[in-house]
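Written out below as structure tokens is the structure these notes cover.
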Amino acid sequence: MTTNIPSTIELFKADSFVAPEAPAARLVLSNDTDPREHSLEGIAVVELQFPKFNDGRAFSQAFLLRRRLGFAGHIRATGDVLIDQLLQMQRSGFTQAVLRADQDTDHGRRLLGLYDDFYQGDAVDTKPHFASAD
Amino acid sequence: MYQYSDFDRQFVRQRAAQFRDQLERHLAGSLPDEDFKPLRLQNGWYIQRFAPMLRVAVPYGEISTAQLRMLAHIAREYDHKEDNDVSKANAGLAKVATLPDRNAHFTTRHNVQYNWIPLTRAADVMDLLASVNMHGIQTSGNCIRNISTDALAGIAVDEVADPRPFAEIMRQWSTLHHEFAFLPRKFKVAITGATEDRVASPWYDVGLRLVRNVDGELGMQVRVGGGMGRTPIIGTVIREFLPWQHLLNYLEAVIRVYNRYGRRDNSFKARIKILVKAEGQRFIDAVEAEFIEILEKDGAPHTITQAELDRVSAFFVQPDLRCDRKSADEKIAHVLKAAAEDDIEFGRWLQRNVKPHKNPDLRAVTLSFKRPGQSPGDATAEQLERAAELVDRFSAGEARITHEQNLLLPWVRCDHLPELWREARRLGLARPNIGLLTDMIVCPGGDFCDLANARSLPIAQALLERFNDLDEVYDLGDIDLNMSGCINSCGHHHAGHIGILGVDKDGQEWYQVTLGGSDGTRISGPATPGKVIGPSFAADEMVDVVEAILDTYRTERQSGETFIATVRRIGIEPFKAAANAVRTHTARPAAVSA
Numbered sequence: 001m002t003t004n005i006p007s008t009i010e011l012f013k014a015d016s017f018v019a020p021e022a023p024a025a026r027l028v029l030s031n032d033t034d035p036r037e038h039s040l041e042g043i044a045v046v047e048l049q050f051p052k053f054n055d056g057r058a059f060s061q062a063f064l065l066r067r068r069l070g071f072a073g074h075i076r077a078t079g080d081v082l083i084d085q086l087l088q089m090q091r092s093g094f095t096q097a098v099l100r101a102d103q104d105t106d107h108g109r110r111l112l113g114l115y116d117d118f119y120q121g122d123a124v125d126t127k128p129h130f131a132s133a134d
Numbered sequence: 135m136y137q138y139s140d141f142d143r144q145f146v147r148q149r150a151a152q153f154r155d156q157l158e159r160h161l162a163g164s165l166p167d168e169d170f171k172p173l174r175l176q177n178g179w180y181i182q183r184f185a186p187m188l189r190v191a192v193p194y195g196e197i198s199t200a201q202l203r204m205l206a207h208i209a210r211e212y213d214h215k216e217d218n219d220v221s222k223a224n225a226g227l228a229k230v231a232t233l234p235d236r237n238a239h240f241t242t243r244h245n246v247q248y249n250w251i252p253l254t255r256a257a258d259v260m261d262l263l264a265s266v267n268m269h270g271i272q273t274s275g276n277c278i279r280n281i282s283t284d285a286l287a288g289i290a291v292d293e294v295a296d297p298r299p300f301a302e303i304m305r306q307w308s309t310l311h312h313e314f315a316f317l318p319r320k321f322k323v324a325i326t327g328a329t330e331d332r333v334a335s336p337w338y339d340v341g342l343r344l345v346r347n348v349d350g351e352l353g354m355q356v357r358v359g360g361g362m363g364r365t366p367i368i369g370t371v372i373r374e375f376l377p378w379q380h381l382l383n384y385l386e387a388v389i390r391v392y393n394r395y396g397r398r399d400n401s402f403k404a405r406i407k408i409l410v411k412a413e414g415q416r417f418i419d420a421v422e423a424e425f426i427e428i429l430e431k432d433g434a435p436h437t438i439t440q441a442e443l444d445r446v447s448a449f450f451v452q453p454d455l456r457c458d459r460k461s462a463d464e465k466i467a468h469v470l471k472a473a474a475e476d477d478i479e480f481g482r483w484l485q486r487n488v489k490p491h492k493n494p495d496l497r498a499v500t501l502s503f504k505r506p507g508q509s510p511g512d513a514t515a516e517q518l519e520r521a522a523e524l525v526d527r528f529s530a531g532e533a534r535i536t537h538e539q540n541l542l543l544p545w546v547r548c549d550h551l552p553e554l555w556r557e558a559r560r561l562g563l564a565r566p567n568i569g570l571l572t573d574m575i576v577c578p579g580g581d582f583c584d585l586a587n588a589r590s591l592p593i594a595q596a597l598l599e600r601f602n603d604l605d606e607v608y609d610l611g612d613i614d615l616n617m618s619g620c621i622n623s624c625g626h627h628h629a630g631h632i633g634i635l636g637v638d639k640d641g642q643e644w645y646q647v648t649l650g651g652s653d654g655t656r657i658s659g660p661a662t663p664g665k666v667i668g669p670s671f672a673a674d675e676m677v678d679v680v681e682a683i684l685d686t687y688r689t690e691r692q693s694g695e696t697f698i699a700t701v702r703r704i705g706i707e708p709f710k711a712a713a714n715a716v717r718t719h720t721a722r723p724a725a726v727s728a
């Protein structure tokens, strides 16, 4: 199991992405699955799916994995993954995004730097702005 | 009112920059319609019948004069019919030439809408709004929408506690929430701190009422799963008392359960009300279990501290205003005496448009935007600017947009009432009809809205003209007449004492009428949807139908009985019979005897 959670989401393209991990180290969860019902023993990557980019169930699944269960491996977004949702994914605990083939990866990277900070805590930076401000 | 910090200001500017980038990619062709749509919606940009519609957020309805003036500027400089190619649009039955532009519209959830700003100018408008700390964040889309509250929040005489600090805390928490931006459907939260529910909280996805427990501690009653639309449902109380410190933790639990289990296969069944109804106690149990995990396993990082509540509350201090009440009474009496010689308008205005205030030296005054010749809740650029002058002179620079689509001045000294009345009357904004028949709630309907089945504005206009006699409207007393152009219910027709719903049959406009609905205010009684009084009516029958209903009330009412009380006492049948009797096009052919 990876122990260092990268702070910036890694970007891949669906048409050229080859999963590096052994299949046995990967857990693929469908959107209607509760991550708490699966063993994460020996799992390096949990793959969560976006059947449509505006289906938000995987954001809650990622939160539960990262925060509630303390999963320290990769959480990978697959399916209809677009650059305009990367920031949200990163904040929800995703560390890898396999972008839809037509997406502009470089622009996606720039979009990750749009905001200085956010109001609410998230899966990575758990404190809300009001609790971290002076 | 809440003062934006550097953080808040920077955030809104960065949001405007993000939208500009998305819009530029869309206009350049690299962000297709389908992918852009949810992004523009979450910034308040719809595509309507003729042009885009922008919905600007006015969190909990509070607005400054700098903001009102910016809204006026945008109306004047950007809300231009001629900048859109209306010839290519599906006009439906709308008469394009008569539709207003250079205009802003107040909505039932105290936001502001424009109907004619071309998408190519959208990013410029967002920059202008950001310059006065305004935006369109989450005014549409399947996310947590703008939080609404009572226009009398913080000044009402019947208040347990001021809901605005909690509304602001929820605004911050819900803004660009990473996990909850793509819920199954839209999600609306309302909060009231008063004993009278003036926010229609039972009709919301989450309706919160500030209450005190037996130990005098402050908390909220939490209702979940209310909503209008094609399945009107009154929300279920799932918590009688939630300590205020846990407001965000509990909301997180409710919305996480909804995000995971709400239906996504059918948008008509995707609101949380359907989940609550289908699952009942299991939904409540799931929320409570999630709440406990947030507390015990996540460490509840969003627990609101006393320091945070104090920090936010400090922005909502009452302006230090006083007046000599004795001299105010004398002034008012003087005007009343003088006015009695020609008309009784000032007295009526005091009765209908002026509300008591926590500070006995002050009053809350509503400017009426319900008058013949303009659509309910519409304000021209000029009217917004003139209203802003009144707000500066008479209300410490702060106004509130109301659920009933008017503008309320929350800080009026009682010795200023005669002067304010004269000035407001000069602007045509002193119509003393607040809470009366002509203070109707109306959505933009089929004239503008692509979703609408029928127009609401021509019906509203016909009613405003027919019921232009104030004596008659006074005699009819308190009546909520609410009208929606389609079942999406933006005009809250389900909650109207008289509800009018536009429906479409064979490309023609028809109107279904309901009676006995309630938003949950004291006069209206417990929140409930109205009952349909038979088949739909044709557009040109509608004024006669409303008149027939009101005639029935005049005949049947007992002394001092309101319209809604009469409907409750005698049932809808007598009203239905009267309405059926004035049918022309929709009359059934006389039965042929065998």
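Protein chains in written order, with this note's numbering: chain X, 1 to 134; chain D, 135 to 728. We put the beta carbon where it would ideally sit given N, CA and C, even for glycine.
- For residue 390(D), the chain X residues whose C-beta falls within less than 7 Å of its own C-beta are 60, listed in chain order.
- When the beta-carbon positions are compared, residue 367(D) and residue 407(D) come within less than 8 Å of each other.
- Excluding residues up to 5 positions away in sequence, 183, 580, 581 and 589 lie with their Cβ nearer than 7 Å to the Cβ of residue 228(D) in the same chain.
- Counting C-beta pairs with one atom in each stretch, the stretch 299–319 of chain D and the stretch 439–451 of chain D have three or more that are closer than 8 Å, which means they touch.
- With respect to chain D, the C-beta atom of residue 76(X) has no partner C-beta closer than 8 Å.
- The beta carbon of residue 448(D) sits no closer than 8 Å to any beta carbon of chain X.
- Interface with chain D (8 Å Cβ-Cβ cutoff): residue 17(X) is excluded.
- At the C-beta level, residue 307(D) and residue 455(D) stay beyond 8 Å of one another.
- No Cβ-Cβ contact shorter than 8 Å links residue 282(D) with residue 189(D).
- Under the three-state reduction of DSSP, residue 481(D) is assigned to helix.
- Excluding residues up to 5 positions away in sequence, 367, 405 and 407 lie with their Cβ nearer than 6 Å to the Cβ of residue 361(D) in the same chain.
- Taking a C-beta cut-off of 8 Å against chain X, none of the residues of the stretch 216–231 of chain D qualify.
- Ranked by Cα distance from residue 97(X), the options 22(X), 36(X) and 53(X) are led by 53(X).
- Around the C-beta of residue 458(D), fewer than 16 other C-beta atoms lie within 10 Å, and the residue is accordingly described as exposed.
- What residue 127(X) touches in chain D, judged by beta-carbon distance under 7 Å, is 435, going in chain order.
- Beta-bridge annotation (DSSP): residue 221(D) is not paired with any residue.
- Contact between residue 518(D) and residue 558(D) is absent: CB atoms are separated by about 14 Å, not below the 8 Å threshold.
- Using a CB distance below 7 Å, the part of the stretch 87–103 of chain X facing chain D consists of 88, 91 and 92, ordered along the chain.
- 363(D) is the residue among 314(D), 363(D), 564(D) and 691(D) whose C-alpha sits nearest the C-alpha of residue 622(D).
- Residue 591(D): not part of any beta strand (DSSP E); member of the alpha helix (DSSP H) spanning 591–600, first to last residue.
- For a Cβ distance threshold of 8 Å, residue set 53, 82 and 84 of chain X lies close to residue 169(D), ordered along the chain.
- Here residue 212(D) carries a helix assignment [DSSP, helix/strand/coil].
- Remark: three or more beta-carbon pairs, one from each stretch, lie closer than 8 Å, so the stretch 376–396 of chain D and the stretch 338–353 of chain D are flagged as touching.
- The C-beta of residue 431(D) comes closer than 8 Å to at least one C-beta of chain X.
- Here residue 451(D) is exposed: its Cβ has fewer than 16 other Cβ atoms, across all protein chains shown, within 10 Å.
- The Cβ of residue 12(X) sits no closer than 8 Å to any Cβ of chain D.
- DSSP places residue 403(D) in the helix class (H, G or I) of the three-state scheme.
- For residue 492(D), DSSP records no beta bridge to any residue.
- Taking a C-beta distance under 8 Å as the contact criterion, residue 65(X) and residue 93(X) qualify as a contact pair.
- Boundaries for residue 380(D): no alpha helix (DSSP H) harbours it, and the DSSP string shows neither H nor E there.
- Between the stretch 143–155 of chain D and the stretch 241–252 of chain D, the count of Cβ pairs shorter than 8 Å is below three; the stretches do not touch.
- One finds nothing in chain D with a Cβ atom closer than 9 Å to the Cβ of residue 106(X); even the nearest lies about 12 Å away.
- With contact defined as three or more Cβ pairs closer than 8 Å, the stretch 539–554 of chain D and the stretch 491–510 of chain D are in contact.
- Three or more beta-carbon pairs separated by less than 8 Å are not found between the stretch 9–26 of chain X and the stretch 347–361 of chain D, which leaves the two stretches without contact.
- Sequence-distant partners of residue 123(X) (beyond 5 residues in either direction) whose C-beta falls short of 6 Å from its own C-beta, in its chain, are 63, 66, 67, 92 and 93.
- Judged by their CB atoms, residue 264(D) and residue 150(D) are nearer to each other than the 8 Å cut-off.
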